[in-house]
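Protein chains: 2
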Amino acid sequence: MTAADAEPTTVRDPVKLTPLPVPKSSDVLADDLRERILRGDFREGTALPPERELVAQTRMSRTTVREALRILEVQGLVRIKTGRAGGAFVQRPDEKSMANSVSLLIRGRQIRLAALLETREAVEPACARLAAKYRTDADLASLDAANRELARLATDPGTDSLADFLRANVDWHIAVATASHNELLTGFMIALSRAIYTSTDNREFVDADVRAATVRAHRSITRAIQDRDGDAAVRRMARHMHSYAEAVVKIEERMAIEVPAD
Amino acid sequence: MTAADAEPTTVRDPVKLTPLPVPKSSDVLADDLRERILRGDFREGTALPPERELVAQTRMSRTTVREALRILEVQGLVRIKTGRAGGAFVQRPDEKSMANSVSLLIRGRQIRLAALLETREAVEPACARLAAKYRTDADLASLDAANRELARLATDPGTDSLADFLRANVDWHIAVATASHNELLTGFMIALSRAIYTSTDNREFVDADVRAATVRAHRSITRAIQDRDGDAAVRRMARHMHSYAEAVVKIEERMAIEVPAD
DNA sequence: CTGGTCCATTGGTCGTACCTAATCTACATC
DNA sequence: GATGTAGATTAGGTACGACCAATGGACCAG
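Chains as they are written, first to last, in numbering that gives the first Met the number 0: chain A, 0 to 261; chain B, 0 to 261.
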């Protein structure tokens, strides 16, 4: 202090520091492991070291190690099994993990059904084009099976067949997405279809006419995909999506009139 | 046993049981909180009770409570702040959280650039149509600004302008997505654009010609969006995407020849 | 071959203690 | 009164240590 006191005016704080980030240890570990996994350092199915082993290696506490593993688990990069020969097994993220986060966005933002239909109208025709281009015979078989199931549920007026019909409907759409052999679009469509399904579940506008029309449309789109006619697939899918969306909107307006001024 | 023993042949295993789930407590808590958040029980920004308070309420250990909160944090449903007046604050998931998981899928599956371009070619024209329909004046201003910046970087042969050019390119595409006012498509395009950006960074095929063509295409698409001409926007965007993808593929083939037999 | 017992391994949960970060409060200083 | 500063207060972050629970394997009995 003696030398410093000689200075008449002491400058308060000449050095500027932006609030430098103090990362949490668990995040650091998670980031490190994530990077290695994505870089491909481990083959799929490889077991990461046991938690206690990681504790020894990283000199972190088990709490911290476990939080890091939990993060990776939520992100779909690792699957954790209990018991002997258990542990954290490396997994590559799949469409489901992506579909999940899309679903979260949809629910969390309370995205309206109209917006969902609009999105599907935007994406699925393109999906159909790719399906026409890349479909295999197995894809075609799935589509046909979905069509048959749908037709059965459309004609058979069984008890509470609405939910079944809608489920089968979703299956067909997912089959189209799968046939596109594009994992991104597939994941997106899975989330979208599921969300539309749960939004539609409570409405009764899917009457016999709509069902019949749906079956016809699906058949004709399937044929285009079978014939590898991309342009036709796009056109028909676009028509199908558009008329479906229009029907929904019409019903919504009617319901808004019947149940006024909320 | 006596009555059963009368039976001469005992059927081996007539009852089928699926492995019944034994949920982890942290998951149970996370599921419960997630459900409440998504249902809208808390307004955005609301603070969940402090960890120790949750411990008292749920009678779980703090470890468990913390893991549950960590799960929600990773899913983007909650933001955790330290210090006094800190805690877990409810957040609605945004496009970024979705974009993140899409990025994980892309990296984790090592999806090839060709597939990314194919996906963009499928989605972005539809994006452009919606942008033409819903764009506001503010959106238009963003697009114009992005165009100007891009033009500047295309003509000015500054040092290492490639990265800058690509970044500005991404900005424009994101501006288009934003103008569509569709959160799902926006999140999807953000992830896609970022991934394409990082995949393109190392290539030198973005020469002066490609840059000039890009600027021209963007201008004409912007004009269509400005005029609310959806069909033109789709057409031009599709052309743009297609020619870009073609250029990339051509370069890839050339590089494959130059660097043969890996 | 079937079933049972025991053991070793590994994740799951708990409790406690302490550290660190952010904020609030009260008081001192000018 | 405005302002700065020190300490108290409240939160999350980390560390251990102990024990529970699930799983798989080895071994043994029938």
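In this text, a Cβ means the ideal position worked out from N, Cα and C, and glycines have one as well.
Between the CA atoms of residue j and residue i - distance to the nearest angstrom
i, j, result
"Leu37(B)", "Val233(A)", "35 Å"
"Ile173(A)", "Arg106(B)", "23 Å"
"Ala223(A)", "His241(B)", "23 Å"
"Val247(A)", "Glu120(A)", "13 Å"
"Met0(A)", "Ala84(B)", "Bear in mind that the predicted position of Met0(A) carries a pLDDT of just 40, short of 50, making it unreliable; the figure below should be weighed with that in mind. Rounded to the nearest angstrom, the two C-alpha atoms are 37 Å apart."
"Val21(B)", "Lys80(A)", "12 Å"
"Ala231(A)", "Ala207(B)", "38 Å"
"Val175(A)", "Ala67(B)", "36 Å"
"Met236(A)", "Leu165(A)", "17 Å"
"Ser160(A)", "Leu149(A)", "11 Å"
"Ile70(B)", "Ala29(B)", "7 Å"
"Val27(A)", "Arg238(A)", "50 Å"
"Ala55(A)", "Ser25(A)", "15 Å"
"Thr57(A)", "Ile250(A)", "60 Å"
"Leu103(A)", "Ala162(A)", "22 Å"
"Ser219(B)", "Cys126(A)", "26 Å"
"Thr177(A)", "Asp226(B)", "37 Å"
"Thr62(A)", "Ile189(A)", "35 Å"
"Ser100(B)", "Lys23(A)", "21 Å"
Anticipated Cβ contact below 8 Å, residue i with residue j, distance rounded
i, j, result
"Arg108(B)", "Glu34(A)", "In fact, because the Cβ distance is near 16 Å, the residues do not count as touching under 8 Å."
"Glu94(A)", "Gly186(A)", "3 Å"
"Ser96(A)", "Gly75(A)", "3 Å"
"Ser179(A)", "Ala113(A)", "25 Å between Cβ atoms; not a contact."
"Ala145(B)", "Ala167(B)", "7 Å"
"Val169(A)", "Ser192(A)", "5 Å"
"Leu115(B)", "Ala194(B)", "6 Å"
"Leu142(B)", "Thr221(B)", "5 Å"
"Val77(A)", "Phe88(A)", "7 Å"
Exposure label - residue i; buried when at least 16 CB within 10 Å
i, result
"Pro7(B)", "With a pLDDT of 45 at Pro7(B), under the threshold of 50, the modelled position of that residue is not reliable, and the figure given next carries that caveat. So Pro7(B) ends up on the exposed side."
"Gly86(B)", "buried"
"Thr135(A)", "exposed"
"Met254(B)", "exposed"
"Ser51(B)", "Checking the displayed sequence, the identity of residue 51(B) turns out to be Arg instead of Ser. By the 10 Å Cβ count, Arg51(B) comes out exposed."
"Arg65(A)", "buried"
"Ile256(B)", "exposed"
"Arg147(A)", "exposed"
"Pro49(A)", "exposed"
"Asp31(A)", "exposed"
"Glu123(A)", "buried"
"Ala211(B)", "exposed"
"Arg128(A)", "buried"
"Gln90(B)", "buried"
"Thr154(B)", "exposed"
"Thr316(B)", "For residue 316(B) there is no data in the structure shown, the boundaries of chain B being 0 and 261."
"Ala98(A)", "buried"
"Asp138(B)", "buried"
"Glu245(B)", "exposed"
"Glu117(B)", "buried"
Enclosing beta strand (DSSP E) for residue i [first to last residue]
i, result
"Lys80(A)", "77-80"
"Ala84(A)", "Ala84(A) -> no beta strand (DSSP E), and no H or E assigned at all."
Proximal chain A residues relative to residue i, where beta-carbon distance stays under 8 Å
i, result
"Ser96(B)", "Ser100, Leu103, Leu104"
"Glu117(B)", "Leu129, Asn181"
"Leu37(B)", "Leu103, Arg106, Gly107"
Limits of the alpha helix (DSSP H) - the one that residue i falls within
i, result
"Val214(B)", "207-225"
"Ser60(B)", "Careful: Ser60(B) lies outside any alpha helix (DSSP H) and carries neither H nor E."
"Ser160(B)", "160-178"
"Val101(B)", "94-107"
"Val21(A)", "That residue, Val21(A), is in no alpha helix (DSSP H); it is neither H nor E in DSSP."
"Ile189(B)", "182-199"
"Pro124(A)", "112-133"
"Thr45(B)", "Careful: Thr45(B) lies outside any alpha helix (DSSP H) and carries neither H nor E."
"Arg151(A)", "136-154"
Interface partners of residue i on chain A, CB under 7 Å
i, result
"Arg91(B)", "Gly107, Arg108"
"Phe187(B)", "Phe187"
"Arg134(B)", "The premise fails here: Arg134(B) is roughly 15 Å from chain A at the closest Cβ pair, so nothing lies under 7 Å."
"Leu184(B)", "Thr118, Ala121"
"Val73(B)", "Ile70, Val73, Gln74"
Contacts that residue i makes with chain B (C-beta to C-beta distance below 8 Å)
i, result
"Glu148(A)", "Simply none; closest approach about 23 Å."
"Ala113(A)", "In chain order: nothing, as chain B lies at least about 11 Å away."
"Glu66(A)", "Arg65, Glu66, Arg69"
Contact list for residue i against chain B, beta-carbon separation under 9 Å
i, result
"Ile173(A)", "Correct list: empty, because the minimum Cβ distance to chain B is about 17 Å."
"Ala125(A)", "Thr118, Glu120, Ala121, Val122, Pro124, Ala125"
Beta-carbon neighbours of residue i, restricted to chain B and to distances below 7 Å
i, result
"Thr62(A)", "Thr62"
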